[in-house]
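Chemist: Can you keep this structure in mind? I'll have questions shortly.
There are 2 protein chains.
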Amino acid sequence: MERSMGREGPPPSILSKAFDLLNAFNAQERVMTLNELTSASGLPKSTVHRLLARLVELGAIEQHRSGYKIGLTMFRLGSMPPAVGMRDRAVPYLAALHRFTGQTVHFAVLRGFEVVYLEKLPSEHSASVLSGIGARLPASCTAVGKALLAHEAPEDLPDLLPCPLPRLTPSSIRDADELFAELTEVRTSGLAHEYEEAQPGLACIGAPIVVNEYAVAAVSASYRTNAPLPKGAESMLRQTAAAIASSVRSSLESGRQHWFPREM
Amino acid sequence: MERSMGREGPPPSILSKAFDLLNAFNAQERVMTLNELTSASGLPKSTVHRLLARLVELGAIEQHRSGYKIGLTMFRLGSMPPAVGMRDRAVPYLAALHRFTGQTVHFAVLRGFEVVYLEKLPSEHSASVLSGIGARLPASCTAVGKALLAHEAPEDLPDLLPCPLPRLTPSSIRDADELFAELTEVRTSGLAHEYEEAQPGLACIGAPIVVNEYAVAAVSASYRTNAPLPKGAESMLRQTAAAIASSVRSSLESGRQHWFPREM
DNA sequence: CCACCCGTTCCAGCCACTGGAACGACGGTG
DNA sequence: CACCGTCGTTCCAGTGGCTGGAACGGGTGG
Numbered sequence: 252m253e254r255s256m257g258r259e260g261p262p263p264s265i266l267s268k269a270f271d272l273l274n275a276f277n278a279q280e281r282v283m284t285l286n287e288l289t290s291a292s293g294l295p296k297s298t299v300h301r302l303l304a305r306l307v308e309l310g311a312i313e314q315h316r317s318g319y320k321i322g323l324t325m326f327r328l329g330s331m332p333p334a335v336g337m338r339d340r341a342v343p344y345l346a347a348l349h350r351f352t353g354q355t356v357h358f359a360v361l362r363g364f365e366v367v368y369l370e371k372l373p374s375e376h377s378a379s380v381l382s383g384i385g386a387r388l389p390a391s392c393t394a395v396g397k398a399l400l401a402h403e404a405p406e407d408l409p410d411l412l413p414c415p416l417p418r419l420t421p422s423s424i425r426d427a428d429e430l431f432a433e434l435t436e437v438r439t440s441g442l443a444h445e446y447e448e449a450q451p452g453l454a455c456i457g458a459p460i461v462v463n464e465y466a467v468a469a470v471s472a473s474y475r476t477n478a479p480l481p482k483g484a485e486s487m488l489r490q491t492a493a494a495i496a497s498s499v500r501s502s503l504e505s506g507r508q509h510w511f512p513r514e515m
Numbered sequence: 252m253e254r255s256m257g258r259e260g261p262p263p264s265i266l267s268k269a270f271d272l273l274n275a276f277n278a279q280e281r282v283m284t285l286n287e288l289t290s291a292s293g294l295p296k297s298t299v300h301r302l303l304a305r306l307v308e309l310g311a312i313e314q315h316r317s318g319y320k321i322g323l324t325m326f327r328l329g330s331m332p333p334a335v336g337m338r339d340r341a342v343p344y345l346a347a348l349h350r351f352t353g354q355t356v357h358f359a360v361l362r363g364f365e366v367v368y369l370e371k372l373p374s375e376h377s378a379s380v381l382s383g384i385g386a387r388l389p390a391s392c393t394a395v396g397k398a399l400l401a402h403e404a405p406e407d408l409p410d411l412l413p414c415p416l417p418r419l420t421p422s423s424i425r426d427a428d429e430l431f432a433e434l435t436e437v438r439t440s441g442l443a444h445e446y447e448e449a450q451p452g453l454a455c456i457g458a459p460i461v462v463n464e465y466a467v468a469a470v471s472a473s474y475r476t477n478a479p480l481p482k483g484a485e486s487m488l489r490q491t492a493a494a495i496a497s498s499v500r501s502s503l504e505s506g507r508q509h510w511f512p513r514e515m
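Those protein sequence lines, which keep their order, are chains A and B.
The first sequence runs 252 to 515 under my numbering.
The second sequence runs 252 to 515 under my numbering.
Okay, here's the thing in structure tokens:
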């Protein structure tokens, strides 16, 4: 279908199809039927059926009265990335920040030029489904992303930046130099800001979690543009980030894990 | 290798090998090298190398300075099973129980004849690595397992029970009738007990989380056999289970999810 | 300098994978 | 009751992705 062009795509392996299928599940409808999966994944029905049977056998998918859902094998594997350990350490502090601000709190790491959300504590009235757990967003459009990019080695940045910066709203940064300017400001102030750059009507303050000179993750608190954050939010955010950083730092020293923080 | 016998195993697909590889990662050493994975998975080195390359491309595995670790794609998928939503609802109550008892708290669901641990809040001095998050244990050897089995339809039980009951210690139940007797007692008392049946020196009290006549999950608190639980532990356990049950129940009514609880 | 371990690459043969098409079971409709 | 649409399931011959032993190169240590 997309190989009609001269673009010689990589030969589709059964593995990539399997993950296409798994990725066809979305967080909203956690139980999907075969035909839904067929159209959502774009694979031939016959192939989907065969793959489902195999994946069920492996526990990656479970049958749910004539429907399918992600299985607990995926849950087991999904709790194994090193970053998850960091998330677990951070959660209590995130909860405190969440209680204090009453707004949506995010916790994310950087992968390439994207942020990946490891935790999200939603505010009461959160209709937003962007930025669910595990979701990826362009770093330049989010407060956590700016906080993380600001602490990357400046010489690495040009390699990371996609040539036309991806944008989620008209307010999203479009110019690389403008981004650089913001990043240096983030580095001095210790806080990153985002105003309707990811989603209209929403803004965000973010703080990096710095360990060994690197930002291993970032926290943020978002707020509606028509209802500002409580007064002490900024300092609370700083405290949260600092507390998580020292927790991570101590786990590096005492723990048996000898990897460097930047590779979470 | 295991096809030397007349046993005609199912033809090994690339998918099963991929999951063999993923399952070769264990929670302790979260970053593994190619040769470690080769021997841990039992696959030919060449195959492992090829699979790793593909899985890295898909984000299922990430490279970590000449090592490999589970990637965040797995994290994303691993947060999608419906049971995870239930876990998130339960965690605050589990934390309260954990604070009260000071001992290891478990939260698990039933899959076939095995329990799968969705959450584990370890006590201070927990050396035990059995029953990590996502791990599976024979239901008959654990308190959560007994609590869950007790609320299964009695006519389904014989199909679930493996013919020789799997045992983890000399104290593990070996007789099916003995198990049945215990289950009826669990049903009347509302609590399940386990004494050195999963691990020597450890015991457990478990309570089912009952919604719509079915046990959708179970909680347990474990304790050393030489240091009994605090006095109010049993009633606290009951309260915890009841609180989680009503939370789940309300999420079923208000929520958009219309599946039956037993299929978590 | 050699021995050893690790990760990487190569390649011809085979067989698992492919996906269009046909089938049978429901459930709603005229 | 006949008809139609939808869903899950099964079939099958062609083919190209998978296979894994073996050989290669780079690094470390003895």
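We put the beta carbon where it would ideally sit given N, CA and C, even for glycine.
Taking only three categories from DSSP, how would you classify K320(B)?
Modeler: For this step, residue 320(B) is matched to residue 69 along the second sequence. K320(B): strand per DSSP, three-state reduction.
Chemist: Are at least three pairs of beta-carbons, each pair with one atom in the segment 424–434 of chain A and one in the segment 385–402 of chain A, less than 8 Å apart?
Modeler: Output reads yes: the segment 385–402 of chain A touches the segment 424–434 of chain A.
Chemist: Hey, quick one: how far does the beta strand (DSSP E) through L361(A) stretch, first residue to last?
Modeler: Residue mapping note: residue 361(A) aligns to position 110 of the first sequence, counting from 1. First-last of the beta strand (DSSP E) with L361(A): V356 to R362.
Chemist: Checking the sheet assignment: what are the DSSP bridge partners for K371(B)?
Modeler: Numbered from its first residue, the second sequence carries residue 371(B) at position 120. Paired residues: H357(B).
Chemist: Looking at C-alpha atoms only, which residue of L416(A), L328(A) and A390(A) is the closest neighbour of A386(B)?
Modeler: As a working mapping, residue 386(B) is identified with position 135 in the second sequence. When each option's Cα is compared against that of A386(B), the closest is L328(A).
Chemist: Which of helix, strand or coil does DSSP assign to A404(A)?
Modeler: As a first step, residue 404(A) must be located in the first sequence, where it is residue number 153. Residue state, collapsed to three classes: coil.
Chemist: M252(B) to T289(B), Cα distance in whole Å?
Modeler: Walking along the second sequence from the start, residue 252(B) turns up at place 1. Walking along the second sequence from the start, residue 289(B) turns up at place 38. Note that M252(B) scores 36 on pLDDT, short of 50, meaning its location in the model is unreliable; the coordinates nonetheless yield the value given after this. Rounded to the nearest angstrom, the two C-alpha atoms are 15 Å apart.
Chemist: Quick one: which chain B residues come within Cβ less than 7 Å of A273(A)?
Modeler: Taking the first sequence and counting its residues from 1, one reaches residue 273(A) at position 22. Looking at the sequence itself, residue 273(A) is Leu, so the reference to Ala does not match. Chain B residues near L273(A): L328.
Chemist: Can you look up R500(B) in the DSSP assignment and give me helix, strand or coil?
Modeler: As a first step, residue 500(B) must be located in the second sequence, where it is residue number 249. Three-state DSSP puts R500(B) in a helix.
Chemist: Would you say K371(A) faces chain B, with C-beta separation under 7 Å as the test?
Modeler: To locate residue 371(A), count along the first sequence from 1; it is residue 120. So, not an interface residue.
Chemist: Quick one: list the residues of chain B neighbouring V467(A), beta-carbon separation under 8 Å, in chain order.
Modeler: Locating residue 467(A) in the first sequence gives position 216, counting from the first residue. The premise fails here: V467(A) is roughly 14 Å from chain B at the closest Cβ pair, so nothing lies under 8 Å.
Chemist: With distance defined between alpha-carbon atoms, name the residue in H315(B), A347(B) and A275(B) nearest to A334(A).
Modeler: Along the first sequence, one-based indexing puts residue 334(A) at 83. The shortest Cα separation from A334(A) among H315(B), A347(B) and A275(B) belongs to H315(B).
Chemist: Using a Cβ-Cβ distance cut-off of 7 Å, determine whether F364(B) contacts chain A.
Modeler: Residue 364(B) sits at position 113 when you count from the first residue of the second sequence. By this cut-off, F364(B) is not an interface position.
Chemist: At the level of alpha carbons, what is the spacing between I460(B) and S440(B)?
Modeler: For this step, residue 460(B) is matched to residue 209 along the second sequence. For this step, residue 440(B) is matched to residue 189 along the second sequence. I460(B) and S440(B): Cα-Cα distance of roughly 14 Å.
Chemist: Below 8 Å, how does it come out for the segment 444–453 of chain B and the segment 467–478 of chain B: are there three or more Cβ pairs, yes or no?
Modeler: Contact between the segment 444–453 of chain B and the segment 467–478 of chain B is present, because at least three Cβ pairs lie under 8 Å.
Chemist: Quick one: which chain A residues come within Cβ less than 7 Å of G517(B)?
Modeler: Lying outside 252 to 515, the shown extent of chain B, residue 517(B) is not represented and no answer is given.
Chemist: Is any beta-carbon of chain B found at less than 7 Å from that of L381(A)?
Modeler: The sequence position of residue 381(A) within the first sequence is 130, counting from 1. L381(A) does not count as touching chain B.
Chemist: Excluding the 5 residues preceding and the 5 following G457(A) in the sequence, name in chain order all residues of the same chain whose CB lies nearer than 6 Å to its CB.
Modeler: Here residue 457(A) refers to the residue found at position 206 of the first sequence. Hits under 6 Å: A394, V395, A398, A443, A469 and S471.
Chemist: Beta-carbon of S498(A) versus every beta-carbon of chain B: anything under 7 Å?
Modeler: To locate residue 498(A), count along the first sequence from 1; it is residue 247. Chain B, which has no Cβ nearer than 7 Å to the Cβ of S498(A), makes this no.
Chemist: What's the gap between the Cα of L503(B) and the Cα of P481(B)?
Modeler: Here residue 503(B) corresponds to residue number 252 of the second sequence, with the count starting at 1. Here residue 481(B) corresponds to residue number 230 of the second sequence, with the count starting at 1. If you take the alpha carbons of L503(B) and P481(B), they lie about 34 Å apart.
Chemist: Any idea what DSSP makes of L332(A), helix, strand or coil?
Modeler: Numbered from its first residue, the first sequence carries residue 332(A) at position 81. Looking at the sequence provided, one finds Pro at residue 332(A) rather than Leu. Correct three-state label for P332(A): coil.
Chemist: M331(A) and F276(B) - do their beta-carbons sit closer together than 7 Å?
Modeler: Numbered from its first residue, the second sequence carries residue 276(B) at position 25. Numbered from its first residue, the first sequence carries residue 331(A) at position 80. Cβ distance < 7 Å, so F276(B) and M331(A) count as in contact.
Chemist: Using beta carbons (cut-off 7 Å, strictly below), is A493(B) in contact with chain A?
Modeler: Numbered from its first residue, the second sequence carries residue 493(B) at position 242. For A493(B), the answer is no, since every Cβ of chain A falls outside 7 Å of its Cβ.
Chemist: Considering only C-alpha positions, which residue in the set P421(B), A278(B) and G353(B) is nearest to L381(B)?
Modeler: Here residue 381(B) refers to the residue found at position 130 of the second sequence. Among P421(B), A278(B) and G353(B), the Cα nearest to that of L381(B) is on A278(B).
Chemist: If you draw a straight line from the C-alpha of L372(A) to the C-alpha of A311(A), how long is it?
Modeler: As a position in the first sequence, residue 372(A) is number 121, starting the count at 1. As a position in the first sequence, residue 311(A) is number 60, starting the count at 1. Those two C-alpha atoms are separated by around 27 Å.
Chemist: In the structure shown, what three-state DSSP assignment does L388(B) receive?
Modeler: What you label residue 388(B) is simply residue 137 of the second sequence in a count that begins at 1. Here L388(B) sits in strand by DSSP.
Chemist: Could you confirm whether any beta carbon from chain A is found closer than 7 Å to the beta carbon of G353(B)?
Modeler: By one-based count along the second sequence, residue 353(B) stands at place 102. Cβ-Cβ to chain A under 7 Å: no for G353(B).
Chemist: Would C392(A) be called buried (16 or more neighbouring beta carbons within 10 Å of its own) or exposed?
Modeler: As a working mapping, residue 392(A) is identified with position 141 in the first sequence. That one is buried.
Chemist: Exposed or buried, which one is P389(A) when buried takes at least 16 other CB atoms within 10 Å?
Modeler: Here the question's residue 389(A) lines up with position 138 in the first sequence. Label assigned to P389(A): buried.
Chemist: From S317(B), E403(B) and I384(B), pick the residue whose C-alpha is nearest to that of L361(B); which is it?
Modeler: Numbered from 1 along the second sequence, position 110 holds the residue referred to as residue 361(B). Measuring from the Cα of L361(B), the nearest candidate turns out to be E403(B).
Chemist: According to the neighbour-count rule (16 or more other Cβ atoms, all chains shown, within 10 Å of its Cβ), is L303(B) buried or exposed?
Modeler: For the purposes of this step, residue 303(B) is identified with residue 52 of the second sequence, where counting begins at 1. Counting Cβ neighbours within 10 Å, L303(B) comes out buried, since at least 16 surround it.
Chemist: What does the Cβ neighbour count give for M256(B), buried or exposed, with the cut at 16 atoms within 10 Å?
Modeler: Along the second sequence, one-based indexing puts residue 256(B) at 5. Because the pLDDT at M256(B) is just 43, under 50, the model does not fix this residue reliably, and the point stays unresolved.
Chemist: Helix, strand or coil: which one does DSSP assign to V307(A)?
Modeler: To locate residue 307(A), count along the first sequence from 1; it is residue 56. Helix, per DSSP.
Chemist: Could you confirm whether any beta carbon from chain A is found closer than 7 Å to the beta carbon of F358(B)?
Modeler: For the purposes of this step, residue 358(B) is identified with residue 107 of the second sequence, where counting begins at 1. Chain A, which has no Cβ nearer than 7 Å to the Cβ of F358(B), makes this no.
Chemist: Under the three-state reduction of DSSP, which class applies to A478(A): helix, strand or coil?
Modeler: Here residue 478(A) is taken as the residue at index 227 of the first sequence, counted from 1. DSSP places A478(A) in coil when its eight states are reduced to three.
Chemist: The segment 279–298 of chain A: which residues have C-beta closer than 7 Å to a C-beta of chain B, in chain order?
Modeler: Per Cβ criterion, the list reads R281 and V282.
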